[in-house]
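What follows is a single structure, written as structure tokens, with notes after it.
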Amino acid sequence: MIITENLTKSFKDIKAVDGINFRIDRGEIYGLIGENGAGKTTTLRLLATMLSPTEGTAVINGNDINKNPDKVRENIGILFGGETGLYDRLSARENIEYFGRLNGFSKKNIDRRISELSDIFQMNEYIDRRIGGFSKGMKQKVAIARSIVHDPDILLLDEPTSGLDIGVTRIVHEFIKRLTKNGKTVIFSSHNMDEVKKLCDKILVMNKGRIIYDGYIKDLEEQKGKNLDDAFIDMVGDRNV
């Protein structure tokens, strides 16, 4: 479960995130959408305790991001689309194992998880090869496996399929669906509205650091009498005039 309370982040005179409040329950997958600069990535970095709030807070699985950041990190997996953070000189297995150890997992449990994830992401063929020569899709699958090797309850995904081919994207989508069926909670940020509709029932729409819609996609489309793409442009356009 994720609950934010007046969550705010300012950079000098700019409020990148401006007093947002929302609640995401266990087993839900929420789409987070907005134009570049809307505050999506900053919001995810706040939830991940990579940034400290200027005001307000968030509670993740009962742990306050200000008071218990270490506990928060134990409960989350993080993936930012353009930042795989992998070590080229290590193999895929070694990269995943390293992050498992950082999260306090035993060698036995890490080996079991790597075997599971290698099967899911179809990585068996190259799991013991060095990352350096991998394609973007191969690296992204390793990065996702690394981010959830410790089996977190909550996953924060920022543009996880950006630049990936259809085959890898489908694998990622199927994995996200599997997570929510197992009771995991996911925030999924994307500029691809078709992707958001395919994976999410509910969305948070951000504009200029604020949430301008929180609810079901179908309800928004009914209210606007438009599909998600056009409804989004209508909402954001109204506020950018």
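If you use this note's numbering, the sequence shown corresponds to residues 1386 to 1626, in order. Glycine residues also receive a C-beta, built at the ideal position from the N, C-alpha and C atoms. As the structure is a prediction and not an experimental result, all values here were calculated from the model.
When DSSP assignments are scanned along the stretch 1528-1574, the uninterrupted stretches of beta strand (DSSP E) that are 3 or more residues long and fall wholly within it turn out to be 1539-1543 and 1570-1574. By the C-beta criterion, the stretch 1455-1464 is judged to be in contact with the stretch 1535-1555, since at least 3 inter-stretch pairs fall below 8 Å. At a Cβ-Cβ threshold of 7 Å, residue 1516 and residue 1471 count as neighbours.
When beta bridges are read from the DSSP output, residue 1390 appears opposite 1442. Per the coordinates, the alpha-carbon of residue 1558 lies some 20 Å from the alpha-carbon of residue 1535.
Taking a cut-off of 8 Å for Cβ pairs, the stretch 1497-1507 and the stretch 1574-1594 do not touch, as fewer than three such pairs fall below it. When beta bridges are read from the DSSP output, residue 1589 appears opposite 1417 and 1599. If you compare the alpha carbons of 1587, 1451, 1554 and 1556 with that of residue 1570, the shortest gap goes to 1587.
Residues of the same chain with a CB within less than 6 Å of the CB of residue 1537, apart from the 5 flanking positions on each side, are 1460, 1461 and 1462 in chain order. Residue 1507 sits exposed, since fewer than 16 C-beta atoms from the chains shown fall within 10 Å of its C-beta. Note that the stretch 1390-1406 does not touch the stretch 1545-1555; fewer than 3 beta-carbon pairs, one per stretch, sit closer than 8 Å. Between the stretch 1408-1422 and the stretch 1587-1600, the count of C-beta pairs closer than 8 Å reaches three or more; the two stretches touch.
Inside the stretch 1426-1492, DSSP marks whole beta strand (DSSP E) runs of 3 or more residues at positions 1440-1445 and 1461-1465, from first to last along the chain. If you look at residue 1397, you'll find it isn't in any beta strand (DSSP E); DSSP assigns it neither H nor E.
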